[in-house]
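Undergrad: Starting off with a structure, shown below.
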Ligand SMILES: [Fe+2]
């Protein structure tokens with residue numbers, strides 16, 4: 056019986072640059088659509104498992120017995136099977152991914168951001184979606200921003216750190232992943248903050264975000280969270296400024312690019328809103344503000360040396376001169392239109408799920424929640 060590995064171990068190995076060969080045994084289409092990636096380069100092969108069933112010798116002959124293989128499939132059965140085949144062929148130390156790509160798609164990697172004393176700020180990176188949620192911890196309480204569907208992760212994290220989740224914030228009605236906000240609110244009793252611009256027609260019970268209001272921890276001590284309405288990516292998009300030092304920017308500001316305003320199919324109207332937001336509400340913020348985005352596209356350009364997805368706003372403006380340098384609304388709209396591309400059909404369904412209008416079965420949610428995001432206005436800002 057061959058050994059397995061977890062999605063957390065997989066991320067750690069990628070971070071450490073382990074010299075493994077990752078063998079994805081799903082079909083070519085699935086592999087092309089969504090595969091593993093992380094902060095360092097990896098060696099990734101794709102040989103479908105049915106090749107190992109139909110012609111085991113031929114499939115095995117494509118591999119190098121001196122390499123160390125880690126097998127991956129959709130759920131885990133085929134990766135386990137191929138690991139067995141390789142083991143029988145004399146390959147050593149072959150292991151298979153527990154929970155397959157479905158598990159990889161949900162895994163969250165907590166990383167602590169260095170802050171002034173008195174509170175903790177955590178980035179929860181979801182490498183399978185290339186998205187980030189955040190936790191702000193102060194004296195036994197935790198606020199969570201943009202939680203993803205893996206609610207167990209957040210409750211376990213809170214328990215392990217001896218804190219209660221007291222506030223949940225949505226930066227917007229997500230289209231690309233299933234939110235864990237409503238289920239976490241139900242499980243923890245935390246106040247669920249969301250903007251009417253996106254959530255008014257939802258069936259969820261939430262507390263309306265008020266532009267310019269500051270949300271505090273119970274007892275009034277600790278860093279404040281200033282809510283700033285930032286329409287454009289969606290009408291209700293909101294950014295949250297923590298302690299005047301950090302901005303949880305959702306899909307409004309990314310390290311590279313900005314959030315695409317065309318997902319609602321009102322591209323010109325929303326692009327105008329985004330232009331006004333960027334000029335009047337975002338570019339007025341200090342250059343030293345650290346931006347904590349909802350998504351990223353590329354580890355190489357968007358992560359720090361410590362593998363955090365963040366940067367200061369001054370650097371971000373310089374990196375995205377092709378966007379922030381535009382000084383006429385019509386030029387900005389033209390930029391958005393030039394960079395437009397199709398959005399995955401499933402996004403409409405995900406929006407309905409996140410508004411409480413649809414409640415698909417768990418397996419269906421797994422499928423719609425899998426795969427990298429498509430939220431940036433451009434693949435590269437340059
Ligand atoms: Fe988004």
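Residue numbers (this note's numbering): 56 to 437.
Ideal Cβ positions, reconstructed from N, Cα and C, are used throughout, including at glycine.
#1: Alpha carbons only, please: which of 68, 412 and 120 is nearest the one belonging to residue 96?
#2: Could you spell out the range, first to last residue, of the alpha helix (DSSP H) harbouring residue 440?
#3: May I have the straight-line CA-CA distance separating residue 263 from residue 200, to the nearest angstrom?
#4: On the three-state DSSP scale, how would you describe residue 363?
#5: For residue 183, which residues in the same chain have their Cβ closer than 6 angstroms to its Cβ, ignoring the five residues on either side in sequence?
#6: Please state the DSSP three-state secondary structure of residue 146.
#7: In terms of residue numbering, what span does the alpha helix (DSSP H) encompassing residue 172 cover?
#8: The alpha helix (DSSP H) that contains residue 409, what's its start and end?
#9: Out of 401, 61 and 373, which one is the CA nearest neighbour of residue 420?
#10: Cβ of residue 204 within 9 angstroms of Cβ of residue 174?
#11: What is the residue span of the beta strand (DSSP E) that residue 272 lies within?
#12: For residue 127, write down the residues that DSSP places opposite it in a beta bridge.
#13: In angstroms, rounded to a whole number, what distance separates the CA positions of residue 209 and residue 384?
#14: Counting Cβ pairs closer than 8 angstroms, one from the segment 258-274 and one from the segment 306-317, do we hit at least three?
#15: When we look at the beta-carbon of residue 108 and count the other beta-carbons within 10 Å, is it buried (16 or more) or exposed?
#16: Exposed or buried, residue 172, counting other C-beta atoms within 10 Å across all chains shown (16 or more means buried)?
#17: What does a CB cutoff of less than 7 angstroms around residue 348 pick up in its chain, not counting 5 residues either side in sequence?
#18: Taking the alpha-carbon positions, what's the residue 422 to residue 147 distance?
#19: Regarding residue 332 and ligand 1, is the C-beta to nearest heavy atom distance less than 8 angstroms?
#20: Let me check you understand the geometry: is the CB of residue 350 closer than 8 angstroms to at least one non-hydrogen atom of ligand 1?
#21: Helix, strand or coil for residue 436? Go by DSSP, reduced to three states.
#22: Where in the segment 190-247 do unbroken runs of the beta strand (DSSP E), each at least 3 residues long, occur, reported from the N-terminal end onward?
#23: Would you kindly work out how many angstroms separate the C-alpha atoms of residue 215 and residue 225, rounded to a whole number?
#24: Between residue 318 and residue 230, is the Cβ-Cβ spacing less than 9 angstroms?
#25: Which same chain residues end up closer than 7 angstroms to residue 134 when comparing Cβ atoms and leaving out the 5 residues on each side of it in sequence?
#26: Provide the residue span of the alpha helix (DSSP H) that contains residue 111, from first to last.
#27: Excluding five sequence neighbours on each side, which residues of the same chain lie with their C-beta closer than 6 angstroms to the C-beta of residue 417?
#28: What is the rounded straight-line gap between the Cα of residue 278 and the Cα of residue 298?
#29: Closest by CA to residue 424, which one among 105, 340, 390 and 404?
#30: Give every residue of the same chain whose Cβ lies closer than 6 angstroms to the Cβ of residue 253, excluding the five residues on either side of it in the sequence, and list them in chain order.
#31: Could you please give the first and the last residue of the uninterrupted beta strand (DSSP E) stretch that includes residue 60?
#32: How about residue 231: is its Cβ closer than 8 angstroms to a heavy atom in ligand 1?
#33: Please output, in chain order, the residues near ligand 1 using a CB cut-off of less than 5 angstroms to any non-hydrogen atom of the ligand.
#34: Using 9 angstroms as the threshold, is the C-beta distance between residue 411 and residue 255 below it?
#35: Taking all protein chains shown into account, do 16 or more other C-beta atoms lie within 10 angstroms of the C-beta of residue 120, making it buried, or fewer, making it exposed?
#36: Using alpha carbons as the reference points, say which of 193, 185, 242 and 87 lies closest to residue 441.
TA: Walking through what the data contain:
#1: Closest in C-alpha terms to residue 96, from the list 68, 412 and 120, comes 68.
#2: Look at the range of the chain in this structure, 56 to 437, and you will see that residue 440 is not part of it.
#3: 15 angstroms
#4: coil
#5: 159 and 160
#6: Coil at residue 146, not helix or strand.
#7: Here residue 172 belongs to no alpha helix (DSSP H), and DSSP marks it neither H nor E.
#8: 401-409
#9: Among 401, 61 and 373, the Cα nearest to that of residue 420 is on 401.
#10: no
#11: Unbroken run through residue 272: none, as it is neither H nor E.
#12: According to DSSP, residue 127 shares a beta bridge with 79.
#13: Taking the straight line joining both Cα atoms gives about 41 angstroms.
#14: These segments do not touch.
#15: exposed
#16: exposed
#17: 187, 304, 308, 309, 310 and 364
#18: 33 angstroms
#19: no
#20: Flag set: Cβ of residue 350 near ligand 1.
#21: Bear in mind that the predicted position of residue 436 carries a pLDDT of just 43, short of 50, making it unreliable; the figure below should be weighed with that in mind. DSSP places residue 436 in coil when its eight states are reduced to three.
#22: 196-200 and 219-224
#23: 24 angstroms
#24: yes
#25: 80, 126, 127, 128, 151, 152 and 155
#26: Unbroken alpha helix (DSSP H) run through residue 111: 111-115.
#27: none
#28: The straight-line gap from Cα to Cα measures roughly 5 angstroms.
#29: 404
#30: 227, 228, 289 and 291
#31: Per DSSP, residue 60 is one residue of the beta strand (DSSP E) stretching across 58-60.
#32: yes
#33: 306 and 430
#34: no
#35: Result: exposed.
#36: One cannot answer for residue 441 here, as it falls past the ends of the chain, which runs 56 to 437.
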